[in-house]
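And the structure:
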């Protein structure tokens, strides 16, 4: 009597006779189907004239963002600067010249700054024109707009500086009570522990401390390193966005306002570029803006993003 093992072996042998040809046919069919699908997806019998390239002007505009800390800090950020820095000191002015030489190598055709386009552009350029004539003294003005943008634009022979920021937006969609206590509010919603998972205050304090010990260009190179830009941006998506989830959504609304502000900056930049010319645009903004702005520029078909650290790290006096 044949055992179960013999019967199973015979059945497997018979099945393999059918399985192997079926496998070959299946693989051949899949290969042909893939080729057909690729052909259909690429051509579909129609030549599509509306490729992304069809919408691009004569040139893409090269663009980079120099993320910086505010030399003359207005104290408007949630983290308040704690370490001293005076750009007017002789040592810092030498470091500033080193930075300006590095930015000169990028050779921007337009310089754009963190000043409201609507309310500040005319004053900005009136002051810049007077500065070029020697009638506007910036020797006691600490803002990076004066110390970087004015001096760099003068070196490059620019006739104008561009204000591309927007008016400050209301942060929260919901009206918060005068006695609003964020800690108590988060605890009432059970969000306090998750809100404090990461020590963003400590990270901000560490970055702040570097400006008092590092040369200016080296410190800005640190701020503009991709990993540090990402860490800065992630605070919006792990801390701020959580506030009021399931209730007022004030954190989500505040995060949306941040994106809205950066979209307006992008909008102003886009409005100012000339796609028929070879543009090299430099934006000088607080380092927190860089990650989001870079995303917008990279996703646009009309910009080519350039890493500022390619210039900060390669240039030496």
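Residue numbers (this note's numbering): 42 to 358. Ideal Cβ positions, reconstructed from N, Cα and C, are used throughout, including at glycine. The structure presented is a predicted model; accordingly, all values stated were derived computationally and were not measured.
- Our two residues, residue 257 and residue 133, have alpha carbons roughly 7 angstroms apart in a direct line.
- Sequence-distant partners of residue 352 (beyond 5 residues in either direction) whose C-beta falls short of 6 angstroms from its own C-beta, in its chain, are 143, 146 and 147.
- As the crow flies, the alpha-carbon of residue 293 is around 7 angstroms from that of residue 283.
- In the displayed model, residue 146 falls within a helix according to three-state DSSP.
- In this structure, the alpha-carbon of residue 255 lies about 20 angstroms from that of residue 329.
- Secondary structure note for residue 206: its beta strand (DSSP E) is the uninterrupted segment 203-206.
- Between the stretch 152-167 and the stretch 193-211, the count of Cβ pairs shorter than 8 angstroms is three or higher; the stretches touch.
- In the three-state reduction of the DSSP assignment, residue 186 falls in the helix class, which pools H, G and I.
- Following the DSSP letters along the chain, one finds residue 102 inside the beta strand (DSSP E) bounded by residues 102-109.
- Setting aside the 5 residues that flank it on each side, residue 349 is surrounded in the same chain by 105, 107 and 265, each with a C-beta closer than 6 angstroms to its C-beta; the list follows chain order.
- Residue environment analysis places residue 339 among the exposed positions, since fewer than 16 neighbouring C-beta atoms fall within 10 angstroms of its C-beta.
- Between residue 237 and residue 332, the C-beta spacing is not below 9 angstroms.
- Shortest Cα-Cα distance from residue 102 to any of 181, 247, 244 and 152 involves 152.
- Following the DSSP letters along the chain, one finds residue 224 inside the alpha helix (DSSP H) bounded by residues 223-229.
- Judged by DSSP in its simplified three-state form, residue 151 adopts strand.
- In the assembly as shown, residue 163 is an exposed residue. Its beta-carbon has fewer than 16 other beta-carbons within 10 Å.
- Collapsing the DSSP output to three states places residue 156 in a strand.
- The beta-carbon distance between residue 173 and residue 141, rounded to whole angstroms, is 16 angstroms. This is too long to meet the 8 angstroms contact definition.
- In this chain, residue 86 is not harboured by any beta strand (DSSP E), its DSSP state being neither H nor E.
- Distance from the CA atom of residue 315 to the CA atom of residue 100, rounded to whole angstroms, is 9 angstroms.
- Residue 195 is not bridged by DSSP to any residue.
- In this structure, the straight-line span from the alpha carbon of residue 320 to that of residue 235 is close to 45 angstroms.
- Using a Cβ distance threshold of 9 angstroms, residue 279 and residue 239 count as a contacting pair.
- Within the same chain, 179 come within 7 angstroms of residue 187 by CB-CB distance, once the 5 residues on both sides are set aside.
- Note on residue 149: 16 or more other CB atoms within 10 angstroms of its CB, so buried under the neighbour-count rule.
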